[in-house]
Amino acid sequence: MGRQPCCDKLGVKKGPWTTEEDKKLINFILTNGQCCWRAVPKLAGLRRCGKSCRLRWTNYLRPDLKRGLLTEAEEQLVIDLHARLGNRWSKIASRLPGRTDNEIKNHWNTHIKKKLLKIGIDPVTHEPLNKQVSSQGSSSAAENLPPKASNDDVLNSDENSSTSPAENSSSYEDSILMDSICSDESIINSLWLDETLLNDALWDIAPNNADNINNKDMGLPTWEDNCAWLLECQDFGIHDFGINCFSEIELNALQQTIGVDKKGH
DNA sequence: AACCCCCTCAACCGCTTTGGT
DNA sequence: AACCAAAGCGGTTGAGGGGGT
């Protein structure tokens, strides 16, 4: 009794997306918005499963994505958040506008993890490695400490975002204090409620959303800016970006969608 | 030039969570 | 409350590229 596949495997294409497929998906989303991913492939004329379409859009095609490597500041923020949230990549990503969970997860596994190990910090616990070795040797109070970044502990200190990971590797007393805070569900709930509101504000940047202004306030690219990015690819030699598939009509449609004159930038 | 190895990251898989009935 | 479908999430995989020999 295997689990039912997420989609009809027959005739469903897998593997890397072609520019033609990207074009179809971008066209569809920009015209119709994000709705019912399961229906997207059919409506957009794609031989993909809805899940694959959603992933492609959120991780690669979405106009509000930043491109390129994470900056030093972003990297530090990821480390800081990881110390408190653990492997909750989507939560971490929600604090880094324009970055995806997949991107951050990959960057963590390929870069940050190694960096931390190099400077002698355990990427899982965020404790100094030698400290861990010494504490493992004895069955002292250290063993009774709650695991630092386990999924449940994550709730502990979230939102205390002014604290650095170093400050976070606190004393036993601090752990006890944290535990007492964590055991108070009302506090935790209100903390997470705050975060939810923040997240919504960050990502709710559909074309018609008035909250769009928020991103500008934060110095972040707006939906328009990023749609403009797609258009500017044409200016710089869109072929180099692998998006050589927009017809003039489609580019016009894009411009209409974002409602800006790119010459205004 | 040819081969091998390692690294990166896009994409997939399957489990969990959420929302609707 | 129970069930189901859809969406979300995190772990894992594998193709492709770059560097070393």
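Quick note, the first sequence lines up with residues -4 to 260 if you use the numbering used here. Where a beta carbon is used, it is the ideal one built from N, C-alpha and C, also for glycine.
- Taking 7 Å as the cut-off, the Cβ atoms of Arg42 and Gly10 do not count as close.
- As the crow flies, the alpha-carbon of Lys8 is around 44 Å from that of Ile114.
- Taking a C-beta distance under 7 Å as the contact criterion, Asn54 and Asn82 do not qualify as a contact pair.
- Pro123 sits in a strand when the DSSP states are folded into three classes.
- Annotation: Cys44 is outside any alpha helix (DSSP H) and is labelled neither H nor E by DSSP.
- DSSP places Asp75 inside the alpha helix (DSSP H), whose first and last residues are Glu67 to Leu80.
- Using a Cβ-Cβ distance cut-off of 8 Å, the segment 20 to 38 and the segment 59 to 70 are not in contact, since fewer than three pairs of beta carbons, one from each stretch, lie closer than that value.
- By the C-beta density criterion, Leu111 is buried, having at least 16 other C-beta atoms within 10 angstroms.
- A Cβ-Cβ contact shorter than 7 Å links Ile99 with Ile87.
- With at least 16 other beta carbons inside 10 angstroms of its own, Lys19 counts as buried.
- In the displayed model, Ile116 falls within a strand according to three-state DSSP.
- In this structure, Leu56 is the residue among Pro118, Lys109, Leu56 and Ser89 with its C-alpha nearest to the C-alpha of Leu25.
- For Ala88, the enclosing alpha helix (DSSP H) stretches over residues Trp84 to Ser89.
- In the three-state reduction of the DSSP assignment, Thr95 falls in the coil class.
- Across the structure, Pro118 and Arg90 are spaced so that their CA atoms are roughly 19 Å apart.
- Sixteen is the threshold: since fewer than 16 other Cβ atoms of the shown chains lie within 10 Å of the Cβ of Thr13, the residue is exposed.
- Per the C-alpha coordinates, the member of Ser47, Trp103, Pro58 and Ile74 positioned closest to Gly28 is Pro58.
- Contact annotation, Gly40 with Lys61: C-beta distance approximately 29 Å; criterion of less than 8 Å not satisfied.
- Residue state for Val35 is assigned as helix, using DSSP reduced to three classes.
- Burial is judged here by how many other beta carbons sit within 10 angstroms of a residue's own beta carbon; Glu15 has fewer than 16 and is exposed.
- The C-beta separation of Leu65 from His102 comes to about 6 Å, placing the pair in contact by the 8 Å criterion.
- Trp103 sits in a helix when the DSSP states are folded into three classes.
- The DSSP-derived three-state label of Cys48 is helix.
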